[in-house]
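**Student:**
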Amino acid sequence: MTFLALKGVQKHFGGFRAVEDFNLDVERGEFVSFLGPSGCGKTTTLRMIAGFELPTNGTVEVDGVDITYRPPNKRNVGMVFQSYALFPNMTVAENIGFGLKVRKLPAAAIRKRVDELLELINLGGKETRYPYQLSGGMQQRVALARALAIEPQVLLLDEPLSALDAKIRISLRNEIRSIQRQLGITTVYVTHDQEEALSLSDRVVVMSEGRIEQVGTPFEIYNFPRTSLVARFVGTLNVLTARVVDAAAGRVEVDGQTIRTAGPIAGAQTGDMVTIALRPEIMSLDEGAAGANQLRGSIDDITFLGAVVRIRIRLAGDGVGAGGGGANAGGAGGGAGTVVFDTFNNPHLAVPQRGGSVTLSFPPEACLLLEQSSAAAAPDPVAEEILAG
Amino acid sequence: MRDALRARPASRRSRAWVGLLPFFLFSFMFLLLPITFLVIGSFQDGQGQLTVRNYADIASTPYIINAFHSSIEISLVTAIGGGIFGFLLAYAVILGGLPGFLRTALMTFSGVASNFAGVPLALAFIFTLGQIGLVTGFLKTYLGIDLWGGGFSLYSKIGVELVYMYFQFPLMVLIIAPAIDGLKRDWREAAENMGASSFQYWRYVALPILMPSLLGTVILLFGNAFGAQATVYQLTGGTIPIVTVIIGAQISGDVLHNEGLGYAMAMGMVAIMGIVITIYTWLQRRSEKWLR
Amino acid sequence: MTGPGFGMRTPGALQSVLEAKPRKGRRQRGSIWAWVVFVAGFLYFFLPLVATFEFSLRAKPFLAAYTNSLKDPQFFSSLAFSFVIGVLTIVVSIMLIVPTAYWVRLRVPRLRPYVEFITLLPFVVPPVILVFGLIRTYGHPPLPLTNTTLGGHALLVAAYVVLSLPYMYRAVDTGLRAIDVRSLTEAAQSLGAGWLTILWRVIFPNLRVALLSGAFLTLAIVIGEYTIANFLAQPAFGPYLSLLGNNRAYEPAAVSLISFGLTWTAMGMISFLGRGARGKVQLVGTH
Numbered sequence: 019m020t021f022l023a024l025k026g027v028q029k030h031f032g033g034f035r036a037v038e039d040f041n042l043d044v045e046r047g048e049f050v051s052f053l054g055p056s057g058c059g060k061t062t063t064l065r066m067i068a069g070f071e072l073p074t075n076g077t078v079e080v081d082g083v084d085i086t087y088r089p090p091n092k093r094n095v096g097m098v099f100q101s102y103a104l105f106p107n108m109t110v111a112e113n114i115g116f117g118l119k120v121r122k123l124p125a126a127a128i129r130k131r132v133d134e135l136l137e138l139i140n141l142g143g144k145e146t147r148y149p150y151q152l153s154g155g156m157q158q159r160v161a162l163a164r165a166l167a168i169e170p171q172v173l174l175l176d177e178p179l180s181a182l183d184a185k186i187r188i189s190l191r192n193e194i195r196s197i198q199r200q201l202g203i204t205t206v207y208v209t210h211d212q213e214e215a216l217s218l219s220d221r222v223v224v225m226s227e228g229r230i231e232q233v234g235t236p237f238e239i240y241n242f243p244r245t246s247l248v249a250r251f252v253g254t255l256n257v258l259t260a261r262v263v264d265a266a267a268g269r270v271e272v273d274g275q276t277i278r279t280a281g282p283i284a285g286a287q288t289g290d291m292v293t294i295a296l297r298p299e300i301m302s303l304d305e306g307a308a309g310a311n312q313l314r315g316s317i318d319d320i321t322f323l324g325a326v327v328r329i330r331i332r333l334a335g336d337g338v339g340a341g342g343g344g345a346n347a348g349g350a351g352g353g354a355g356t357v358v359f360d361t362f363n364n365p366h367l368a369v370p371q372r373g374g375s376v377t378l379s380f381p382p383e384a385c386l387l388l389e390q391s392s393a394a395a396a397p398d399p400v401a402e403e404i405l406a407g
Numbered sequence: 576m577r578d579a580l581r582a583r584p585a586s587r588r589s590r591a592w593v594g595l596l597p598f599f600l601f602s603f604m605f606l607l608l609p610i611t612f613l614v615i616g617s618f619q620d621g622q623g624q625l626t627v628r629n630y631a632d633i634a635s636t637p638y639i640i641n642a643f644h645s646s647i648e649i650s651l652v653t654a655i656g657g658g659i660f661g662f663l664l665a666y667a668v669i670l671g672g673l674p675g676f677l678r679t680a681l682m683t684f685s686g687v688a689s690n691f692a693g694v695p696l697a698l699a700f701i702f703t704l705g706q707i708g709l710v711t712g713f714l715k716t717y718l719g720i721d722l723w724g725g726g727f728s729l730y731s732k733i734g735v736e737l738v739y740m741y742f743q744f745p746l747m748v749l750i751i752a753p754a755i756d757g758l759k760r761d762w763r764e765a766a767e768n769m770g771a772s773s774f775q776y777w778r779y780v781a782l783p784i785l786m787p788s789l790l791g792t793v794i795l796l797f798g799n800a801f802g803a804q805a806t807v808y809q810l811t812g813g814t815i816p817i818v819t820v821i822i823g824a825q826i827s828g829d830v831l832h833n834e835g836l837g838y839a840m841a842m843g844m845v846a847i848m849g850i851v852i853t854i855y856t857w858l859q860r861r862s863e864k865w866l867r
Numbered sequence: 002m003t004g005p006g007f008g009m010r011t012p013g014a015l016q017s018v019l020e021a022k023p024r025k026g027r028r029q030r031g032s033i034w035a036w037v038v039f040v041a042g043f044l045y046f047f048l049p050l051v052a053t054f055e056f057s058l059r060a061k062p063f064l065a066a067y068t069n070s071l072k073d074p075q076f077f078s079s080l081a082f083s084f085v086i087g088v089l090t091i092v093v094s095i096m097l098i099v100p101t102a103y104w105v106r107l108r109v110p111r112l113r114p115y116v117e118f119i120t121l122l123p124f125v126v127p128p129v130i131l132v133f134g135l136i137r138t139y140g141h142p143p144l145p146l147t148n149t150t151l152g153g154h155a156l157l158v159a160a161y162v163v164l165s166l167p168y169m170y171r172a173v174d175t176g177l178r179a180i181d182v183r184s185l186t187e188a189a190q191s192l193g194a195g196w197l198t199i200l201w202r203v204i205f206p207n208l209r210v211a212l213l214s215g216a217f218l219t220l221a222i223v224i225g226e227y228t229i230a231n232f233l234a235q236p237a238f239g240p241y242l243s244l245l246g247n248n249r250a251y252e253p254a255a256v257s258l259i260s261f262g263l264t265w266t267a268m269g270m271i272s273f274l275g276r277g278a279r280g281k282v283q284l285v286g287t288h
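Protein chains in written order, with my numbering: chain A, 19 to 407; chain B, 576 to 867; chain C, 2 to 288.
1) Out of curiosity, what's the CA-to-CA distance linking isoleucine 271(C) and serine 788(B)?
2) For phenylalanine 242(A), count neighbouring C-beta atoms within 10 Å of its own C-beta (all shown protein chains included) and say buried if the count is 16 or more, exposed if not.
3) Only counting the same chain, and skipping five residues up and downstream in sequence, which positions put a Cβ closer than 7 angstroms to that of leucine 89(C)?
4) Is aspartate 39(A) helix, strand or coil by DSSP?
5) The alpha helix (DSSP H) that contains leucine 698(B), what's its start and end?
6) How about the segment 611-621 of chain B and the segment 99-118 of chain C: do they share at least three Cβ pairs that are nearer than 8 angstroms?
7) Among Val223(A), Gly115(A), Gln100(A) and Gln158(A), which has the Cα closest to the Cα of phenylalanine 52(A)?
8) Verify whether the separation of the beta carbon atoms of threonine 209(A) and leucine 173(A) is less than 9 angstroms.
9) Between asparagine 641(B) and chain C, is any beta-carbon pair separated by less than 9 angstroms?
10) Please determine if the segment 217-231 of chain C and the segment 187-205 of chain C are in contact, where contact requires at least 3 C-beta pairs separated by less than 8 angstroms.
11) So what does DSSP say about lysine 119(A), is it helix, strand or coil?
12) Quick check: the Cα distance between tyrosine 741(B) and leucine 107(C), rounded to an integer number of angstroms?
13) Taking the alpha helix (DSSP H) that alanine 524(B) falls in, what are its first and last residues?
14) Rounded C-beta distance between leucine 162(A) and isoleucine 186(A)? I'm assuming under 8 angstroms.
15) Verify the CB distance criterion: does serine 302(A) have a CB-CB separation below 9 angstroms to chain B?
16) Tell me which residues share the same chain as phenylalanine 232(C) and place their Cβ nearer than 6 angstroms to its Cβ, disregarding the 5 neighbours each side in the sequence.
17) Is serine 302(A) helix, strand or coil by DSSP?
18) Between which two residues does the beta strand (DSSP E) carrying asparagine 256(A) extend?
19) Please classify proline 282(A) as buried or exposed, where buried requires at least 16 neighbouring CB atoms within 10 angstroms.
20) Which residues does DSSP pair with leucine 296(A) in a beta bridge?
21) Could one say the Cβ of alanine 160(C) lies closer than 9 angstroms to chain B's Cβ atoms, at least one of them?
22) Using the three-state DSSP reduction, which class does serine 165(C) fall into: helix, strand or coil?
23) Cutting at 8 angstroms between CB atoms, please list the residues of its own chain near glycine 26(A), excluding the five before and the five after it.
24) Could you tell me which residues DSSP puts in a beta bridge with leucine 378(A)?
25) Can you tell me whether DSSP reads tyrosine 148(A) as helix, strand or coil?
26) Relative to chain B, which residues along the segment 65-76 of chain A have a C-beta separation below 7 angstroms, given in chain order?
27) Which residues of chain B have a Cβ atom closer than 8 angstroms to the Cβ of isoleucine 271(C), listed in chain order?
28) Can you confirm whether leucine 651(B), when its beta carbon is compared against all beta carbons of chain C, has any partner nearer than 9 angstroms?
29) Does leucine 333(A) come out as helix, strand or coil in the three-state DSSP assignment?
30) Any idea what DSSP makes of aspartate 756(B), helix, strand or coil?
31) In chain order, what residues of the same chain lie with their CB nearer than 7 angstroms to the CB of alanine 165(A), ignoring the 5 residues before and after it?
32) Using a threshold of 9 angstroms, state whether the C-beta atoms of glutamate 227(A) and arginine 244(A) are closer than that.
33) I need the DSSP call for methionine 97(A), collapsed to helix, strand or coil.
34) Counting only C-beta atoms, is alanine 766(B) closer than 9 angstroms to chain A at any point?
35) Less than 9 angstroms between CB atoms is the rule here; does tyrosine 779(B) satisfy it with respect to chain A?
36) Among Lys732(B), Thr792(B), Leu737(B) and Met769(B), which one has its Cα closest to the Cα of leucine 749(B)?
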């Protein structure tokens, strides 16, 4: 049953369209992430749910009640800020109890609730500390407890982990998820970190330039990205431009080498250019099973990433198709006519030599045909930056 | 060999303080020595004998007690008045929804006004609120209000306080503006998010966070007024005996007929200023810790 | 019947208009309140200046207050004197404070509390007390500075340097914190520079904004200063203006305005220099 509903929500700041026609139904107890590069409208959407921004158009409903124009202090929606936003003049206990204090609850009741929450976030004994005496991770846990103290109908988290160290980020991420499951609270989580979104969420909403690109489970988003933008933003991906050879048979030509896609290419003529995506981990350095696609090339570079060894391969073709550059510049390969391939590291791995000739193989089902992005077709510079980093 | 290697950094370190010699020498000659001279003088009687009599005399000389009383009163009134007005002004331009350029304008005005003091300031107020001043004349002619006839005098305590306000509130604006800037939007939103009204946000969050800065700055304004001499001297020519004016008269010609008493008075003043600066520094540290 | 799209949108739009009104209204009320405060501050600031200007124009013939003032040789001599004293103060203050702050930061951080304490002392010792002590200390042998003209000037500069200590030191120290003193010094040393070269070619240029702000503030304070110059019997601008104020009617108004213009210019230079990052120049004058 739908608990939180955004219907046709738009937000314009002057001439700038921050959010365009945003429609989303969130189930009770569901954990939904808004994923996208900065400036894609995900935080603006979150702020409209919290009531800090008024939509230019559309409605926000919680449990069937329209709260679009309700002031933020009458909403009963808990929010965790990127900057923690703990009140520096209050102790941990006072911070957590603030929402109850302004509701004029008796001191004993506040005390009881604060103790429960301190227990929940594992900060028992720290109630008399001030925020500046706590680490960033502890501060964000207090902020989480503070948002939960008022027993909100919906919990909103605005990039809560982005100011923290990598290690704390992962442990706090797991903690947030387990607390969310324990309380069964409907949660919206904003992030630009695809790993965070994939690992935490029941469903992920990928956004770009104020629009929804794709909504789906982490499994769907990762394995079946609908647009090249989603494909490039979620995980590492080879994005190749291919020329259609036979649309009905699903045959295309990449860099002069013909491969097969999973099925017919709808609405394409011979000679059309299409975009296909290949996950680096789905390929292998051998002849492959019968009927497998093969691409020949030479090894350009080998990067040791710990558990994974990443090998960049320059395709041996004539520069047609992928050699056209452009479209695959944003892919993991980086250069024109190159493909990136990941293999698990192991002590007996026979690492090939740079410059050596190899054959890559992958099943036809691994070739994902991408739609043109609903936003601008040009790669988002911000997304590029994040991918590069 | 080994010793030589070790000795070099050690000896360099021990000689490093020599680089500060010019500074210490200068401050000794022109700051510490003069203060020491006053301190010693305050513990001597006319014959150069050690005594605490001078300090006892301060307490038993109504004239001096009065002067301290007036100084403190004027400083307190202008510090609190200037503090409140300066805060409202800074708040108005930063968070009051006024156009942005007014903020720049106010900060520049404040930089000028907090330094526009002494003789020209006193003169400017005489031309404004003196018996034949512009505002005095305007009120009389157009609104029928006779300021001076109604008991107002620019050369009274109220007058001095009005003049002091001219440099007090701009100083408040300059010092409190960064603190108001330090109020994060997220705090307000977090408070609203948890159901707090605007009043509750101010009552529980904004004012307590600003309080150390507010108190500290008001205390600094107190010291600012307490040490002022030129403005009030030019304005009243000594008819309002405040501490700095009496000390000035004592420098020119021993009006107290007791050198030691003058020194003790100066020390009393230094002691009050010392307390003021200590409290200010303490409060400032505290708010910096919060706003970091 | 209207389509669902129309039916959905209209109430929302209507509600948005209804809801937007009180919100906007609240902000406007706040604005009115803010405007009232601002206008009050504006009047407080400008009325005395307008009154002074108006008063200066009461002299007959027109602008006589200004022409008389400008004809007075003492006006120029006292202004020039204060200006020269101000420049000397700035030079001495920079020569004293920059190497000190630099050295404290680089080599003797353990002495920082003592240096900071001394630079805060002038806040505790008002000008009238400082000059009191100076006169009693240097009014007799072994160093009877007040008895000679040159000695008096030197004492005046020394006193002003003391007044400038708190904000000059803070400005320089903030400036040094912003640049990585240690790396700059080590880089310069590795390239073969000596201490004087480092200070002159590396540290000073990097502190330009802080030093210029401090310099203009010092100038603004020194030019109108009355208390210290008066008790040291120096032919400075402050005592001249005070004397003028006691003896003449309209000229003081003209000269006050000129003095205000000088303060304004100096402060304008500071805010011009400090656009963006305005160091921590504490603006406390001598009143």
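Glycine residues also receive a C-beta, built at the ideal position from the N, C-alpha and C atoms.
**Tutor:** By the coordinates alone:
1) In this model, isoleucine 271(C) and serine 788(B) are separated by some 24 angstroms (Cα to Cα).
2) Exposed is the call here.
3) Counting only Cβ-Cβ distances below 7 angstroms, and skipping sequence neighbours, we find Val158.
4) Strand, per DSSP.
5) DSSP places leucine 698(B) in the uninterrupted alpha helix (DSSP H) bounded by 694-704.
6) Judged by Cβ distances under 8 angstroms, the segment 611-621 of chain B makes no contact with the segment 99-118 of chain C, as fewer than three pairs qualify.
7) Looking at the Cα atoms, Val223(A) is the closest of the given residues.
8) Their beta carbons are not under 9 angstroms apart, which means threonine 209(A) does not touch leucine 173(A) by this criterion.
9) Under the 9 angstroms criterion on CB atoms, asparagine 641(B) is classed as non-interfacial with respect to chain C.
10) No, the segment 217-231 of chain C does not touch the segment 187-205 of chain C.
11) Three-state DSSP puts lysine 119(A) in a helix.
12) Spanning the alpha carbons of tyrosine 741(B) and leucine 107(C) requires a straight line of approximately 41 angstroms.
13) Residue numbering for chain B in the displayed model covers 576 to 867; residue 524(B) lies beyond these limits and cannot be assessed.
14) Wrong, their Cβ atoms sit about 13 angstroms apart, outside the cutoff.
15) Output row for serine 302(A): interface = no.
16) Take phenylalanine 232(C), set aside five residues on each side of it, and the residues of its chain with a beta-carbon closer than 6 angstroms to its own are Val132, in chain order.
17) Strand, per DSSP.
18) Note, asparagine 256(A): beta strand (DSSP E), 256-264.
19) If you draw a 10 Å sphere on the C-beta of proline 282(A), you find fewer than 16 other C-beta atoms in it, and that means exposed.
20) In the DSSP output, where bridge partners are listed per residue, leucine 296(A) has Asn256(A).
21) Answer yes: the Cβ-Cβ gap between alanine 160(C) and chain B drops below 9 angstroms somewhere.
22) It is helical.
23) Here the set comprises Asp39, Phe40, Asn41, Asn75, Gly76 and Thr77.
24) In the DSSP output, where bridge partners are listed per residue, leucine 378(A) has Leu313(A).
25) Looking at tyrosine 148(A) - three-state DSSP - the assignment turns out to be coil, as it is neither helix nor strand.
26) Here the close residues are Ala68 and Phe70.
27) Residues of chain B passing the Cβ test: Gly686.
28) For leucine 651(B), not one C-beta of chain C is nearer than 9 angstroms to its own C-beta.
29) If DSSP states are grouped into helix, strand and coil, leucine 333(A) belongs with the strands.
30) Three-state result, aspartate 756(B): helix.
31) These residues qualify, in order along the chain: Gly96, Met97, Val98 and Leu173.
32) In this structure, arginine 244(A) does not lie closer than 9 angstroms to glutamate 227(A) by Cβ.
33) Methionine 97(A) carries a strand assignment under DSSP once its states are collapsed to helix, strand and coil.
34) By the rule that beta-carbons nearer than 9 angstroms mark a contact, alanine 766(B) touches chain A.
35) By this cut-off, tyrosine 779(B) is an interface position.
36) Here the closest residue by C-alpha is Thr792(B).
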